[in-house]
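Residue numbers (this note's numbering), protein chains in the order written: chain X, 17 to 630; chain U, 17 to 630; chain Y, 141 to 474; chain W, 141 to 474. Backbone N, C-alpha and C define an ideal beta-carbon position, used for all residues, glycine too. Written out below as structure tokens is the structure these notes cover.
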Amino acid sequence: MNAEHGTARALVVRFAGDSGDGIQVTGGRYSAAAALTGADLATFPDFPAEIRAPAGTTYGVSAYQVQLGRDLVRTAGDLVDVLVALNPAALKVNLEEMQPGGVIILDQSAFTERNLKKAGYAVDPSTDGSLAGFRVVALDIQKLTQAAVKEAGVSAREAARSRNFWTLGLILWLTGGDVAATRSWIERRFEQDIAAANRLALEAGHAFGETAELGRIEPILGVAGSPLPPGRYRSINGADALCLGLVTGAKLAGLELLYGSYPITPATSMLHTLAKLGAYGCDVFQAEDEIAAIGVALGASYAGKLGVTGTSGPGMALKTEMLGLAIAAELPLVVVNAQRGGPSTGLPTKTEQSDLFQATLGRNADAPLPVVAASSPGDAFDCAIEAIRIAVTHMTPVILLTDGYLANASEPWRVPELESLPPITRPDPAGRSPYQHDPETLSRPWIPAGTKGGRHRIGGLERADGSGAVSYDPANHQRMTELRQARVQKIADFLPRVVLEVGEPGDDLLLLGWGSTKGAMAQAAAELRAEGLKVAHLHLRHLAPFAHDLEALLASFGRVLACEMNMGQLAFLLRGHYGRPVAALTKVSGRPFQVREIKQRARQELTGALGAVA
Amino acid sequence: MNAEHGTARALVVRFAGDSGDGIQVTGGRYSAAAALTGADLATFPDFPAEIRAPAGTTYGVSAYQVQLGRDLVRTAGDLVDVLVALNPAALKVNLEEMQPGGVIILDQSAFTERNLKKAGYAVDPSTDGSLAGFRVVALDIQKLTQAAVKEAGVSAREAARSRNFWTLGLILWLTGGDVAATRSWIERRFEQDIAAANRLALEAGHAFGETAELGRIEPILGVAGSPLPPGRYRSINGADALCLGLVTGAKLAGLELLYGSYPITPATSMLHTLAKLGAYGCDVFQAEDEIAAIGVALGASYAGKLGVTGTSGPGMALKTEMLGLAIAAELPLVVVNAQRGGPSTGLPTKTEQSDLFQATLGRNADAPLPVVAASSPGDAFDCAIEAIRIAVTHMTPVILLTDGYLANASEPWRVPELESLPPITRPDPAGRSPYQHDPETLSRPWIPAGTKGGRHRIGGLERADGSGAVSYDPANHQRMTELRQARVQKIADFLPRVVLEVGEPGDDLLLLGWGSTKGAMAQAAAELRAEGLKVAHLHLRHLAPFAHDLEALLASFGRVLACEMNMGQLAFLLRGHYGRPVAALTKVSGRPFQVREIKQRARQELTGALGAVA
Amino acid sequence: MSDTLDHPRSPLTAKDWAADMEVRWCPGCGDYAILKAVLKTVTDLGLDPDRTAFISGIGCASRFPYYVESYGFHTIHGRAATIATGAKLARPELDVWVVSGDGDSLSIGGNHLLHLVRRNLDLVYLLFNNQIYGLTKGQASPTSRLGQVTPSTPEGSIDQPVHAGSFVLGAGATFYARVPDVAQAQLVEVMKQAHDHRGTGFVEILQNCIVYNDGAFAEVTGKATAPERQLWCKAGEPLLYAGGRKGLRFDPAAFDLVPFTVGEDGFEVSDAVVHDPTNRRLAQMLAARDDVLAMGVVFQTDAPTLDGLHHARRPAAKEDLQALLEGRETWVVA
Amino acid sequence: MSDTLDHPRSPLTAKDWAADMEVRWCPGCGDYAILKAVLKTVTDLGLDPDRTAFISGIGCASRFPYYVESYGFHTIHGRAATIATGAKLARPELDVWVVSGDGDSLSIGGNHLLHLVRRNLDLVYLLFNNQIYGLTKGQASPTSRLGQVTPSTPEGSIDQPVHAGSFVLGAGATFYARVPDVAQAQLVEVMKQAHDHRGTGFVEILQNCIVYNDGAFAEVTGKATAPERQLWCKAGEPLLYAGGRKGLRFDPAAFDLVPFTVGEDGFEVSDAVVHDPTNRRLAQMLAARDDVLAMGVVFQTDAPTLDGLHHARRPAAKEDLQALLEGRETWVVA
Ligand SMILES: Cc1ncc(C[n+]2csc(CCOP(=O)(O)OP(=O)(O)O)c2C)c(N)n1
Ligand SMILES: Cc1ncc(C[n+]2csc(CCOP(=O)(O)OP(=O)(O)O)c2C)c(N)n1
Ligand code: SF4
Ligand code: SF4
Ligand SMILES: [Mg+2]
Ligand SMILES: [Mg+2]
């Protein structure tokens with residue numbers, strides 16, 4: 017029903033309220049119910065920086081947006097078709113992203129003078145006509161819920177807490193769904209009284225929709241059929257997918273994994289997830305800081321486990337020196353950076369892709385290393401395996417970039433069959449000197465400390481090529497520096513050809529991206545193409561080294577526009593590598609791209625309204 | 017007499033021996049004596065990583081090279097005209113850089129079987145004919161010294177220690193100098209006995225040259241006249257010049273300075289120098305690590321002194337996170353990086369220019385800051401003042417790059433007149449809000465903690481433009497990110513036009529450099545021009561932001577070749593900024609460029625033997 | 141902080157000291173009580189807000205500077221001590237208060253805290269110890285209990301906790317005091333003493349994180365149990381608790397303090413060790429106990445401060461920068 | 141390190157343990173003596189060089205791993221403890237020896253040392269304390285004396301030095317010993333005990349830097365003065381020194397140990413405190429003294445090791461990764 021996202025078979029719903037209102041649960045459950053009907057979907061949870069922000073404030077608004085569709089869904093949606101606003105602040109913050117004519121469901125009980133004031137409203141927007149362009153459904157949800165859950169016998173406070181399930185029931189009805197799946201989830205998840213209250217609220221909300229004859233907005237949940245390829249699916253967010261990928265990658269390489277980390281938003285969710293996976297060969301160590309976290313991971317690799325560390329921007333900064341040691345020592349290591357807004361502490365809970373310079377170039381000395389970036393929750397699983405493959409076959413630290421949006425966003429994910437995943441074969445070190453570089457990969461063998469008969473000394477001082485002795489010889493340093501660069505470059509020999517997501521080589525415009533912008537970019541390219549414009553889309557997984565065929569492919573396009581949530585870092589890198597123009601569409605507002613933003617800029621590029629170099 | 021460096025009025029002398037042999041003193045004193053005659057000169061001290069490397073080993077060789085000339089001298093020289101080798105290892109290590117036909121002075125007493133073996137010689141090179149192409153002067157300097165100093169009555173060990181002064185006396189004679197200046201220096205510097213021994217050795221060495229009728233090699237020290245502009249001169253190395261620049265810059269800005277540092281080679285010499293300058297408004301604080309060092313410096317700036325911190329590569333890595341805070345907080349700060357060979361611990365005592373990526377792009381998030389690089393010892397003084405000017409007028413951390421070579425190398429320096437230096441005027445904060453950005457510089461006023469009536473709160477979270485309150489607003493973050501970039505870009509409005517060192521816009525080839533490669537590049541360009549080739553040389557002081565007129569100037573040249581002691585970082589940055597080809601001549605052997613290396617590659621570029629993009 | 145600053149006693153009220161900024165801690169967080177006490181302390185001390193700077197790291201505790209109407213710097217995680225050191229060296233008359241959480245101070249920032257206390261910078265250091273990482277949603281901190289279940293330690297923490305007091309005393313701290321967040325009056329009193337101490341006035345505040353570690357100090361601060369768990373140290377008075385019914389005596393055999401009940405086993409009040417806050421050995425024994433927690437000023441000794449030494453040492457300013465530029469050897473080219 | 145490793149006692153000699161690498165310390169450096177003692181220790185202990193790893197930071201001391209024919213990792217400044225922790229967690233059977241200087245351990249690396257000892261990783265930690273930064277040419281370190289003149293403190297250091305022993309004991313160390321570099325036999329003996337200790341065997345070695353801080357321990361180790369300055373701790377024996385002529389007794393008034401001369405002022409040998417290495421309070425008193433230095437094993441207590449707990453805690457391996465990938469809620473698209 018949203019014309020802007022190009023299909024009438026999709027719907028964007030956003031739940032918003034106080035952090036304490038259970039918004040994330042509501043959104044998650046709504047998505048799960050939708051997924052069970054076979055719908056494709058993409059979600060965007062967006063919560064405040066404060067642990068418990070004061071109720072009713074605009075900065076305390078928690079939101080969860082989901083786009084669901086009967087065709088493939090690539091983003092959580094630009095504009096909202098249905099907004100649930102549980103208080104004035106939630107309305108205030110989200111109104112500007114409403115689809116004209118969209119539906120707004122308000123809980124009147126929360127539109128008190130006090131709350132209106134907290135949200136910065138002088139007059140009640142639900143009564144002063146400012147919502148005229150929308151279909152407003154204002155209900156006293158609070159009261160309706162309390163009435164509904166009475167028989168559960170819970171306290172008034174507990175009863176009020178069920179408000180989110182009442183709302184969920186209503187939305188399910190409005191969009192053509194039923195409550196069966198959610199009801200059984202409630203039963204599994206909560207204790208007796210609470211379960212009863214939540215169930216009653218859910219059912220009452222659903223029934224209300226029917227009896228009050230609100231009229232179904234869009235029966236999308238009732239539609240049969242799925243755009244997804246056949247298979248067994250689950251819902252997964254980027255952080256969980258990445259963790260599963262790490263555990264799976266280690267298993268494919270025949271290794272155990274040691275994850276050293278120090279809590280930091282938004283990387284912490286990986287720490288929490290992995291901490292529960294001890295039974296799957298994953299040890300977790302919460303270190304005293306980020307330096308120790310990478311040190312412990314490197315120590316683990318030194319002794320034969322696969323060391324992994326995860327963090328976000330400020331923590332990455334602290335790991336820089338140890339990355340240099342990992343490069344000099346030629347040990348495998350995976351460093352996950354869940355990017356967030358900066359500089360400095362910046363916007364810890366907001367998303368950004370601005371650590372690309374740091375990942376590719378941000379070390380002292382000539383210190384190259386491979387960089388891989390995940391582009392969707394499901395892709396995070398594959399990228400984690402890819403990062404491990406590169407680390408252990410090329411004996412190098414690898415940086416794996418994800419971001420705050422990707423970490424939290426979820427999508428239906430076809431569960432991979434373990435057996436179908438290709439094993440990661442590690443070169444056999446037997447009989448090789450620990451300092452000898454394999455001609456094919458330019459990598460030395462991995463002989464973990466403790467290996468019988470393999471004892472040797474390594475360190476961060478320059479070593480003589482071949483013998484491994486400390487060396488200050490000028491010619492040797494030249495050779496070793498070149499070798500370190502060539503070793504990373506060599507990885508490109510093992511990469512698949514780059515493949516366009518949308519379009520053809522030679523098109524008028526290439527939209528070039530990396531990371532979590534993929535969905536929006538692919539959608540934009542597809543929609544522009546549908547308009548007859550020659551727009552292609554390429555999304556890079558490997559940011560260092562670039563694939564061998566990338567340069568020629570880029571050269572085939574009339575114009576190249578890098579779209580990134582930073583000030584143009586990929587564009588800069590591409591120009592730096594290839595010495596040819598690349599323009600950039602940048603966004604650093606802490607929010608993901610909207611499809612329309614990309615389309616608008618692409619049209620400008622095509623009409624030549626902007627210079628080639630951003 | 018060295019044809020390769022293009023003038024018959026110059027001489028390259030290299031002293032080499034064990035670390036304990038007093039090589040650095042000999043070289044320094046020889047340079048001082050030469051300077052007093054009005055010669056221009058450039059030096060290259062080169063010492064081992066070990067504190068006291070075992071005597072006689074090749075890795076324990078300490079060397080000091082000086083080129084002196086009656087025309088302007090730009091480098092310490094490619095090939096050595098006169099080599100003093102106090103043991104076989106010193107001969108071994110230095111032989112390949114000898115000018116064919118050059119003079120080699122050997123101390124026979126050190127050419128024992130044991131020492132020959134330690135140096136890796138199977139047979140004595142002074143007797144097996146392998147020095148045939150040189151003029152070899154083999155003397156038992158040990159014995160000659162002991163005889164000479166007998167009357168001083170020092171122990172045999174002390175007597176042996178005077179060997180370097182004997183050698184110095186000889187070299188002074190061979191190159192046309194006298195011993196007067198050195199004699200009085202000895203008198204000032206040493207205690208009675210030792211002074212006597214050293215003086216006697218010096219005089220005996222000088223007399224030996226005369227009486228043994230060795231024949232003067234090149235009476236360059238006896239030649240009158242100077243290529244230097246008139247004025248009062250002193251000899252200065254890069255580290256000292258930089259420190260004087262910091263103290264002077266602070267004074268010009270009406271500030272006191274707090275230098276927070278943690279020892280690391282080759283930055284430590286700045287710590288040592290500044291520690292003695294307490295009387296000149298310079299406080300020094302040796303911190304527990306590099307993070308604390310920059311934290312203390314930033315804290316000082318926060319409270320109204322000028323915070324400066326200095327370090328080298330691994331320490332820079334540790335300072336990264338705090339640099340982000342300084343950017344977010346918009347406080348002045350100067351960070352000096354004395355670059356060394358890497359990655360990791362690398363080659364601590366060897367020079368390299370490989371931290372340019374780190375300086376310009378090596379932080380998480382979009383975190384731009386200005387970068388300035390010193391190109392000669394004297395220029396280090398000016399650059400320190402420039403860094404302070406930028407920091408306090410633009411309210412930003414500034415990175416000032418120098419390197420290990422520059423830190424130790426010395427040259428005659430015309431002592432500036434303090435009164436002639438323009439003061440650094442700081443914008444008056446009175447009446448301005450601490451969060452308000454000046455339209456001209458986009459900088460906020462500096463209101464140090466403790467200022468009457470100015471209290472306010474700052475921090476690393478994103479702040480609302482204008483009000484300074486913590487803000488997670490998307491549009492505000494976009495605005496602030498753009499402002500941070502524009503603020504650094506604004507600095508270019510205040511930079512002078514870039515000026516070619518050699519050549520004309522539109523020449524066939526531009527040699528583009530930064531940092532300590534300046535002398536060699538200018539020499540190469542001048543020599544190539546003398547051959548009739550259209551080669552220009554441009555040396556950049558400002559590496560971020562680039563001057564406004566740089567792009568157009570670069571575009572005027574047929575080809576641009578960046579010459580750098582790294583794998584091509586400046587070339588990459590220029591391509592990244594301008595999206596046009598820039599080639600690179602790179603060297604990462606831990607040694608400075610030789611003029612001939614640059615000339616050779618420049619010729620290849622001119623004949624099109626190489627592709628445009630390195 | 142020394143009490144010799146020459147600033148005039150300002151006539152401000154606690155309200156004047158409160159910044160015009162919405163406080164963003166969770167409702168019920170112990171940080172509110174501490175904020176209240178700090179505002180009262182600076183008010184009572186009559187400090188000059190223009191000469192006062194609150195400097196913090198990152199964490200819930202570290203949001204503190206935003207709420208005080210003085211200078212404030214919310215820096216980065218674990219590094220507040222370094223910035224405070226720089227500020228203090230640059231401007232010794234500044235009244236510096238560092239505010240930091242247990243993770244900020246004892247995990248990532250442990251090294252700076254060690255060096256701060258051994259150097260004895262003249263400032264107040266407030267450690268908000270809630271035995272958890274609040275801001276990042278509840279992971280174990282270095283002060284978390286063995287076995288504590290958190291999202292990062294789903295099977296319980298296996299890291300031996302660090303005692304803030306033992307740590308700073310071992311590092312050479314010159315002042316150590318401990319107070320629970322709920323003891324408003326004592327908190328104010330202790331902070332005043334920390335401020336008047338010449339050197340680093342280190343105060344560990346037991347702070348309840350109502351969301352992620354609620355009740356961590358319930359036994360220590362609970363009405364019924366508090367008397368058995370808190371021992372308030374007073375210089376020159378016997379170490380008694382439980383309303384004077386119990387005490388700590390030195391047992392040479394155990395070579396440690398041991399609890400006793402007055403009147404039992406032949407022990408009397410006179411057997412209790414008399415508190416001497418200047419004795420580091422005694423303080424170490426007190427700080428290490430988990431059964432009964434020493435509260436109030438456990439340790440305080442006179443020692444030179446780094447900023448004091450630094451400024452005393454600073455040579456008289458020489459004006460002759462020109463001579464410095466010239467150095468000792470110059471020559472003239474005509 | 142625990143002594144329960146099942147590796148066979150290897151028949152190697154100290155020569156076999158010496159790596160084929162030129163030792164690059166200054167002639168006369170105390171590090172040579174320590175190297176010799178370590179080679180003897182590992183030989184005597186019959187360790188397996190293939191199961192032994194020397195891990196160091198950066199500094200003169202940290203060159204150590206190059207000289208031992210085992211696994212070796214010369215890492216970065218101050219971070220050896222973190223890498224050792226990772227290695228030990230990954231491969232608990234590895235015999236890990238950390239070697240580090242006073243700057244490496246107590247300046248930049250202080251935080252990791254704190255957390256290493258409180259976690260009680262099962263390894264040996266050798267701190268080479270020469271009270272100076274050797275490798276960077278002689279700046280003051282955190283253990284340098286007040287007033288010490290160095291190139292970075294031309295007017296003398298004003299930072300109160302940290303006592304390694306006090307620091308690690310305050311941080312919760314389970315083993316602390318001290319030995320001078322010149323005491324070859326005792327060094328070997330103490331290192332064996334550190335190795336046999338289950339947990340972090342922390343040994344502070346007083347090491348002479350002949351170039352930058354020669355004679356720092358001249359009084360402590362000099363023939364004439366040593367008896368008055370060294371007190372060798374033996375479990376169960378009275379704390380006596382100066383050939384038994386002097387001792388340390390507990391003075392309740394001072395609430396500390398005080399020296400006495402046997403037979404003077406009515407004090408006898410029986411007044412000397414009997415050394416109990418398991419008593420942390422006693423160890424703290426001993427470690428803090430500058431007049432007479434406690435040598436040998438000052439403190440040793442039994443406590444769980446992190447690596448032990450970590451591995452005990454590790455859940456039994458589940459093979460069902462496929463089930464994990466599926467999670468709790470799946471649906472099928474046909
Ligand atoms: C370098 C860095 N690492 C990690 C973080 C994430 N982080 C913010 S606060 C915090 C710990 C908070 O715990 P604590 O210091 O005890 O303060 P509390 O929130 O409990 O008051 C962490 C790990 C960060 N901001 N910066
Ligand atoms: C990050 C970093 N900072 C500083 C240095 C320089 N550095 C090398 S060793 C050292 C200190 C050496 O002192 P110590 O640890 O006491 O060892 P010693 O040389 O005395 O044995 C320093 C500061 C470095 N290598 N890396
Ligand atoms: S998370 Fe805990 S410490 Fe942080 S504000 Fe909430 S209650 Fe307070
Ligand atoms: S500088 Fe000192 S510690 Fe380092 S090797 Fe030389 S004597 Fe030993
Ligand atoms: Mg906490
Ligand atoms: Mg040392």
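Measuring straight from C-alpha to C-alpha, what distance separates Ile198 (chain W) and Pro167 (chain Y)? As a working mapping, residue 198 (chain W) is identified with position 58 in the fourth sequence. As a working mapping, residue 167 (chain Y) is identified with position 27 in the third sequence. Each residue's Cα considered, the two are about 48 Å apart.
DSSP state of Arg369 (chain W), grouped into three classes? Stepping through the fourth sequence from its first residue, residue 369 (chain W) is reached at position 229. Note: Arg369 (chain W) maps to helix in three-state DSSP.
Cβ neighbours of Thr441 (chain Y) in the same chain (closer than 6 Å, five flanking residues each side left out): Taking the third sequence and counting its residues from 1, the one referred to as residue 441 (chain Y) is at position 301. These residues qualify, in order along the chain: Thr314 and Thr418.
Using a cut-off of 8 Å between C-beta atoms, extract the partners of Pro70 (chain X) located in chain Y. Locating residue 70 (chain X) in the first sequence gives position 54, where the first residue counts as 1. Correct list: Glu162, Arg164 and Pro167.
Reduced DSSP secondary structure (H/G/I, E/B, other) of Lys534 (chain U): Taking the second sequence and counting its residues from 1, the one referred to as residue 534 (chain U) is at position 518. Three-state DSSP puts Lys534 (chain U) in a helix.
Under 7 Å between beta-carbons, which chain Y residues line up against Lys468 (chain U)? List them in chain order, please. For this step, residue 468 (chain U) is matched to residue 452 along the second sequence. Asp190, listed in chain order.
Just how far apart, CA to CA, sit Met141 (chain Y) and Ala334 (chain Y)? What you label residue 141 (chain Y) is simply residue 1 of the third sequence in a count that begins at 1. What you label residue 334 (chain Y) is simply residue 194 of the third sequence in a count that begins at 1. Because Met141 (chain Y) sits at a pLDDT of 43, beneath the cut-off of 50, its placement in the model cannot be relied upon, and the point is left open.
Name, in chain order, the residues that DSSP records as bridge partners for Trp429 (chain X). As a working mapping, residue 429 (chain X) is identified with position 413 in the first sequence. According to DSSP, which records beta bridges pairwise, Trp429 (chain X) is partnered with X:Arg250.
For Ala106 (chain X) and Gly249 (chain W), I'd like the C-alpha separation in whole angstroms. Counting from one through the first sequence, the residue named residue 106 (chain X) turns up at place 90. Counting from one through the fourth sequence, the residue named residue 249 (chain W) turns up at place 109. Answer to the nearest angstrom: the Cα atoms are 48 Å apart.
Quick check: is any heavy atom of ligand 6 less than 6 Å from the C-beta of Gly249 (chain W)? Within the fourth sequence, numbered from 1, the residue matching residue 249 (chain W) stands at position 109. No, the beta carbon of Gly249 (chain W) sits no closer than 6 Å to any heavy atom of ligand 6.
Residues with a Cβ closer than 5 Å to any heavy atom of ligand 4, in chain order? Going down the chain, each residue whose beta-carbon is closer than 5 Å to a heavy atom of ligand 4 shows up: U:Ile67, W:Trp165, W:Cys166, W:Cys169, W:Cys200, W:Gly274, W:Cys349, W:Ile350 and W:Val351.
Check each residue of the stretch 267-293 of chain W: if its Cβ is closer than 8 Å to any Cβ of chain Y, include it; give the result in chain order. Pro282
Taking 7 Å as the threshold (C-beta atoms), are His288 (chain X) and Pro291 (chain Y) in contact? On the third sequence, position 151 is the one that residue 291 (chain Y) refers to. On the first sequence, position 272 is the one that residue 288 (chain X) refers to. In contact: Pro291 (chain Y) and His288 (chain X) (Cβ atoms closer than 7 Å).
Return the chain-ordered ranges of every alpha helix (DSSP H) run that is complete within the stretch 72-145 of chain U and spans a minimum of 4 residues. 104-110 and 129-134
What residue range does the beta strand (DSSP E) around Tyr211 (chain W) cover? On the fourth sequence, position 71 is the one that residue 211 (chain W) refers to. Segment Tyr211 to His214, the beta strand (DSSP E) holding Tyr211 (chain W).
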